[in-house]
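Protein sequences appear in the order of chains W and D.
Going by the working numbering, the first sequence opens with residue 1107, and the numbers climb by one from there.
Going by the working numbering, the second sequence opens with residue 1107, and the numbers climb by one from there.
Backbone N, C-alpha and C define an ideal beta-carbon position, used for all residues, glycine too.
2 protein chains.
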Amino acid sequence: MSTKTIRVQADLLATNKQAAAAIRRELRGRGILAVNLLSSPGSGKTTLLESLADRLKGRYRMAVIEGDIETERDAERIRRKGVPAWQITTGGACHLEARMIGKVLGEVPAEIDLLFIENIGNLVCPASYDLGEDVRCVLLSSPEGDDKPGKYPQAFLSADCLILTKTDLNPHLPFDPARAAAEALAIKPALRVFSVSALRGDGVDDLAAYFVEALERLRSGRA
Amino acid sequence: MSTKTIRVQADLLATNKQAAAAIRRELRGRGILAVNLLSSPGSGKTTLLESLADRLKGRYRMAVIEGDIETERDAERIRRKGVPAWQITTGGACHLEARMIGKVLGEVPAEIDLLFIENIGNLVCPASYDLGEDVRCVLLSSPEGDDKPGKYPQAFLSADCLILTKTDLNPHLPFDPARAAAEALAIKPALRVFSVSALRGDGVDDLAAYFVEALERLRSGRA
């Protein structure tokens, strides 16, 4: 990259960081925990959110901001669960940016507890953009292979939590969950690791409890 | 995006296009067919190349340029098949660019027939960068879901060929291959569609024949 390109990129990231800080302040002030979900396309982000909606129903109010390049499909899936959802379509851009989240924030109802942001399916670019979240999770589905953390380190380094998804497929795959977790932990030792099959519901309660704990920490001012 | 950002992006793409045109001329002059493989992380690009190496062995000479953000793993896998391979690690960049290919080109032996370029695992950014290839293939693995073409249209629009991979997993998945193909064909009616299980070897002969035909067209000046 030329010096000019690098400078423009640095400017963009600095502007994004400011917008993200403002979002974080506002959401914390409103007692809402924001969670940014990052992964490759098709790792199971939307299916996981559907499963979390079932788990949290009646106990905590969730809302979802969906990021996609095109289509309103994911927001429609979430709304069918009775959960408010906003679709951001970037029309080509490979990641969400804080200012996109900022535009939606005014519409998020006051009574929401957990705001999930489903990023564009991309294991590279979204890792560089803070969206003002309190918790960042990277998903890795079994079919993607246990060698991915080392090949896409930034996503794992920037995350607080790793969610190994589609564990129901493990018997049919050359996938070693222990290797995947170990490789991710070598990059980021503080990662919390969860294993889920959102289709079957396995492991989703533990993950929901993790988000609820983080929400309680935030509300008690210990975030 | 600001006007400045858009202008820098346009400059980068114009420079890339020039470099790609030079690579295309050089490779065609040498009678080498270049194939650019695009997909999400973990869609099976490397496993497909291993399977193609087995199929083409003794009949056609192939070589591979591997793109990854970090690690030399994929090039090592290809070399174990007796196929020359060069690893490009971008250190963070989300796609390969023509100038990166240009740097390796001098090392590609004269007797090569097919040069495969495995792009960074990313269904978004690589679609905008011509690498001087004659054939561009986008891979979509069954676990990613049949709704992906509509959500990531540029990768499918820019491709000549769609390879549905990991078909061996179809019995265990909510995946409709006909829907995936129909959605991709609605975006790009001229797409050639193949279905493969590289692990089992299903469908790889048909795909190899497609590349060999394209090579013969190129050598007879009909490319």
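Taking Cβ-Cβ distances below 7 Å as the criterion, which residues of the region 1253-1265 of chain W are in contact with chain D?
Within the region 1253-1265 of chain W, contact with chain D at the beta-carbon level (separation under 7 Å) is assigned to Asp1253, Lys1254, Gly1256, Lys1257, Tyr1258, Pro1259 and Gln1260.
Simplified DSSP assignment, three categories, for W:Phe1281
Residue state for W:Phe1281 is assigned as coil, using DSSP reduced to three classes.
Return the CA-CA distance between W:Phe1262 and D:Gln1124, expressed in angstroms with no decimal places.
Taking the straight line joining both Cα atoms gives about 35 Å.
Do D:Lys1151 and D:Leu1305 count as a contact pair if the criterion is CB distance below 8 Å?
One thing to note: D:Leu1305 has its Cβ no nearer than 8 Å to the Cβ of D:Lys1151.
Using a 10 Å radius around the Cβ and a threshold of 16 neighbouring Cβ atoms, would you call D:Asp1160 buried or exposed?
Per the 10 Å Cβ criterion, exposed.
Using the C-alpha atoms, what's the distance from D:Ile1194 back to D:Met1168?
Roughly 17 Å between the two C-alpha positions.
Which residues, taken in chain order from the region 1265-1294 of chain D, show a beta carbon closer than 7 Å to some beta carbon of chain W?
Answer set for the region 1265-1294 of chain D: Lys1272, Leu1275 and His1278.
Does any C-beta atom of chain W lie closer than 8 Å to the C-beta of D:Glu1156?
Residue-level contact by beta carbon fails for D:Glu1156 and chain W, as no gap is shorter than 8 Å.
Judging by CA-CA distance, which residue of D:Leu1154, D:Gly1197 and D:Phe1222 is the nearest neighbour of W:Lys1257?
When each option's Cα is compared against that of W:Lys1257, the closest is D:Gly1197.
Using Cβ-Cβ distances below 8 Å, what residues of the region 1189-1219 of chain D are close to chain W?
Closer than 8 Å at the C-beta level to chain W, one finds these residues of the region 1189-1219 of chain D: Gly1198, Ala1199 and Cys1200.
Taking DSSP as the reference, what is the three-state secondary structure of D:Val1397?
Examination of residue 1397 of chain D is not possible in this model, given that chain D is present from 1107 through 1329 alone.
is_contact[W:Ser1146, chain D] using C-beta, thresh 8 Å:
Cβ-Cβ to chain D under 8 Å: yes for W:Ser1146.
Selected residue, minimal CA-CA separation from W:Ala1292, among W:Ala1204, W:Leu1154, W:Asp1174 and W:Leu1268:
The candidate whose alpha carbon is nearest that of W:Ala1292 is W:Leu1268.
Chain-ordered neighbours of W:Arg1179 on chain D, where CB pairs are closer than 8 Å
Residues of chain D passing the Cβ test: Asp1253, Gly1256 and Lys1257.
Can you find the residues in the same chain that come closer than 8 Å, C-beta to C-beta, to W:Ala1296, ignoring five residues on each side of it along the sequence?
For W:Ala1296, where only same-chain residues beyond five positions count, the Cβ hits under 8 Å are Asp1266.
What separation, rounded to the nearest whole angstrom, lies between the Cα atoms of W:Val1189 and W:Val1310?
W:Val1189 and W:Val1310 have their C-alpha atoms some 17 Å from each other.
Can the beta-carbon of D:Ile1129 be found less than 8 Å from the beta-carbon of D:Gly1227?
It is not a contact, given that the beta carbons lie outside the stated cut-off.
Look at the Cβ atom of D:Ser1149, then the Cβ atom of D:Glu1250, and state whether they are nearer than 8 Å.
Result yes, Cβ atoms of D:Ser1149 and D:Glu1250 sit closer than 8 Å.
Which residue or residues does DSSP assign as beta-bridge partners of D:Asn1122?
The beta-bridge partner set that DSSP reports for D:Asn1122 is empty.
Leaving out the 5 sequence neighbours to the left and right, which residues in its chain are closer than 6 Å to W:Ser1248 when beta-carbon positions are compared?
Excluding five sequence positions before and after W:Ser1248, the CB atoms of its chain that fall closer than 6 Å to its own CB belong to Lys1272, Leu1275, Asn1276, Leu1279 and Phe1281, given in chain order.
Using three-state DSSP, classify W:Asn1142 as helix, strand or coil.
Correct three-state label for W:Asn1142: strand.
Is W:Leu1143 close to chain D, meaning its C-beta is less than 8 Å from at least one C-beta of that chain?
No, no contact with chain D.
Kindly indicate which residue of W:Lys1163, W:Arg1165 and W:Arg1131 has the alpha-carbon position closest to the one of W:Ala1140.
Distances from the CA of W:Ala1140 to each of W:Lys1163, W:Arg1165 and W:Arg1131 were compared; the closest alpha carbon is that of W:Arg1131.
Cβ atoms of D:Ala1191 and D:Val1170: under 8 Å apart, would you say?
Result yes, Cβ atoms of D:Val1170 and D:Ala1191 sit closer than 8 Å.
Please confirm whether W:Pro1232 and W:Leu1211 have their CB atoms less than 8 Å apart.
Taking a C-beta distance under 8 Å as the contact criterion, W:Pro1232 and W:Leu1211 do not qualify as a contact pair.
Within 9 Å of chain W by C-beta, residues of the region 1224-1247 of chain D in sequence order
If the cut-off is 9 Å between Cβ atoms, the region 1224-1247 of chain D has Ile1226, Gly1227, Asn1228, Leu1229, Val1230, Cys1231, Ser1234, Leu1246 and Ser1247 near chain W.
Can you round the beta-carbon distance between W:Ser1146 and D:Ser1326 to whole angstroms, since I take them to be within the 8 Å contact cut?
That belief does not hold up - the Cβ atoms of W:Ser1146 and D:Ser1326 are roughly 39 Å apart, past 8 Å.
Can you give the beta carbon distance from W:Glu1322 to D:Pro1259, rounded, assuming they're within the 8 Å contact cut?
Not really, about 42 Å apart at Cβ, beyond 8 Å.
How many Å lie between D:Tyr1166 and D:Arg1113 at the Cα?
CA-to-CA, the gap between D:Tyr1166 and D:Arg1113 works out to about 43 Å.
Could you check whether the Cβ of D:Ile1175 sits closer than 8 Å to any Cβ belonging to chain W?
At least one chain W Cβ lies under 8 Å of D:Ile1175.
Can you tell which of W:Ala1127, W:Val1230, W:Ile1184 and W:Asp1180 has the C-alpha that lies nearest to the C-alpha of W:Lys1163?
That would be W:Ile1184, whose Cα lies nearest to the Cα of W:Lys1163.
Residues of chain W with a CB under 7 Å from the CB of D:Glu1250: which are they?
Under a criterion of Cβ atoms nearer than 7 Å, the residues of chain W adjacent to D:Glu1250 are, in order, Pro1147 and Gly1148.
D:Cys1200: which of D:Arg1298, D:Asn1225 and D:Arg1186 sits nearest, CA to CA?
When each option's Cα is compared against that of D:Cys1200, the closest is D:Asn1225.
Around the Cβ of W:Gly1173, are there at least 16 other Cβ atoms within 10 angstroms (buried) or fewer (exposed)?
It counts as buried.
If you draw a straight line from the alpha carbon of W:Lys1187 to that of W:Ile1138, how long is it in whole angstroms?
Our two residues, W:Lys1187 and W:Ile1138, have alpha carbons roughly 20 Å apart in a direct line.
Quick one: Cα of W:Ile1207 to Cα of W:Cys1243, how far?
The straight-line gap from Cα to Cα measures roughly 17 Å.
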